[in-house]
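Each residue of the sequence shown is one higher than the one before, starting from 262 at the first, in my numbering.
From the three backbone atoms N, C-alpha and C, an ideal C-beta is built for every residue, glycine too.
Before any comments, here is the structure.
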Amino acid sequence: MTTHESAKNQDPSLYCAYFGGPRDGLKTGDLPAVMSGKELTGAVSKMPLSEPHQFSLFAVYECTSETQVDGFWIFTYRGMEGPNGEKLVAAEPSRKPKRVP
Numbered sequence: 262m263t264t265h266e267s268a269k270n271q272d273p274s275l276y277c278a279y280f281g282g283p284r285d286g287l288k289t290g291d292l293p294a295v296m297s298g299k300e301l302t303g304a305v306s307k308m309p310l311s312e313p314h315q316f317s318l319f320a321v322y323e324c325t326s327e328t329q330v331d332g333f334w335i336f337t338y339r340g341m342e343g344p345n346g347e348k349l350v351a352a353e354p355s356r357k358p359k360r361v362p
């Protein structure tokens with residue numbers, strides 16, 4: 262896999278790897294520069310899945326590593342959110358009523 266570095270941020274302390282969900286295997290270096298050198302454990306990253314992002318579903322990832330692993334902070338998939346932060350859950354299949362003979 263290739264790491265896509267930000268044009269404005271070349272700080273190796275901000276490289277992240279994402280596991281699970283729709284962005285599984287993504288590796289980036291695009292976190293805000295203000296996070297440089299800080300511990301990211303517990304940080305949450307929300308990625309829009311379509312454009313325009315104001316109306317998109319978001320994949321939600323949480324940093325689960327205490328340090329960088331092979332140069333990357335590890336983010337694990339937590340679930341999906343709607344454009345206004347609403348939590349999305351899988352719909353249960355509807356049950357058909359039993360017929361009485």
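Judged by pairs of C-beta atoms under 8 Å, the segment 337 to 350 does not touch the segment 288 to 300, as fewer than three such pairs exist.
Residue environment for S297: exposed (fewer than 16 other C-beta atoms within 10 angstroms of its C-beta).
Going by beta carbons, G303 and Y338 fall outside the 8 Å limit. Around the CB of A294, fewer than 16 other CB atoms lie within 10 Å, so the residue is classed as exposed. In this structure, G332 sits near Y276, with a CB-CB distance shorter than 8 Å.
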